[in-house]
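Structure below.
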């Protein structure tokens, strides 16, 4: 696997919205530093719902984006979904909480899936895109940064699967906000899930 693109953005205003968003990402050339908060220089405007240590880096797999290009009927430009990294030969459906992406000093650990929002729908200029994205069941991947480092397009990556019981990205999106069975709750809590989801699950006990 390789990093196909690194994408960052600056605050921009969406048409018809009063707020600015960092969802408009574009591929950058050269090396980028990734620290505990994500890609240095990348804009994160709504920190209540975006960014933070457990959503530091947003990843999309190239196989998933190829699928979306066909679904959308046009070539996919890196950064369109607001992702920071595009990784080659990766299908989002095959990624689980706790999986790691390794390259030199850089260690990213999967913590959560993307839950689509109205800002995303506005970015795509499609008021039904939240439903469309959810039904596609190929959610993007949020990672925390276990080890920071320099990254650039073309760098090789290793995908290291989580050794414990699996919680896939599609399953995580499908069950978001729902009450889990006792067995599923324990399985989720045994993985290194996002701290907000962990708090929600612990409160269900």
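Numbering (my numbering), first residue to last: 391 to 595.
C-beta atoms are modelled at their ideal positions from N, C-alpha and C, and glycine is treated no differently.
For residue 541, the three-state secondary structure derived from DSSP is strand. A Cβ-Cβ separation of about 11 angstroms leaves residue 487 out of contact with residue 579 under the 8 angstroms criterion. For residue 532, the closest of 472, 509, 589, 555 by C-alpha to C-alpha distance is 472. Within the same chain, 455, 458, 459 come within 7 angstroms of residue 466 by CB-CB distance, once the 5 residues on both sides are set aside.
Rounded to the nearest angstrom, the gap between the Cα atoms of residue 587 and residue 422 is 29 angstroms. Within the stretch 398-462, complete beta strand (DSSP E) segments of at least 3 residues are found at 415-417, 422-425, 447-451, given in chain order. Distance between residue 542 and residue 564, taken at the CA atoms: about 33 angstroms. When 491, 445, 529 are compared, the shortest CA-CA separation from residue 483 is found for 529.
Restricted to the stretch 508-579, the alpha helix (DSSP H) segments that are unbroken, complete and at least 4 residues in length are 508-513, 519-526, 559-564, 572-579, listed in chain order. In this structure, DSSP gives residue 483 a helical state, which the three-state scheme calls helix. Residue 464 and residue 592 have their C-alpha atoms some 43 angstroms from each other. In this structure, 480 is the residue among 415, 399, 468, 480 with its C-alpha nearest to the C-alpha of residue 551. Straight through space, the alpha carbons of residue 517 and residue 398 are spaced by roughly 24 angstroms. Contact between residue 502 and residue 594 does not hold, since the beta-carbon distance rounds to 17 angstroms and is not under 8 angstroms. With respect to the C-alpha of residue 544, the residue from 576, 476, 401 having the closest C-alpha is 476.
Boundaries of the beta strand (DSSP E) harbouring residue 490: 490-493, taken from the DSSP string. Just so you know, the alpha carbons of residue 470 and residue 511 end up roughly 12 angstroms apart.
Counting the other Cβ atoms within 10 Å of the Cβ of residue 546 gives fewer than 16, which makes it exposed. Membership of residue 592 in the alpha helix (DSSP H) is indicated by the continuous run 585-593.
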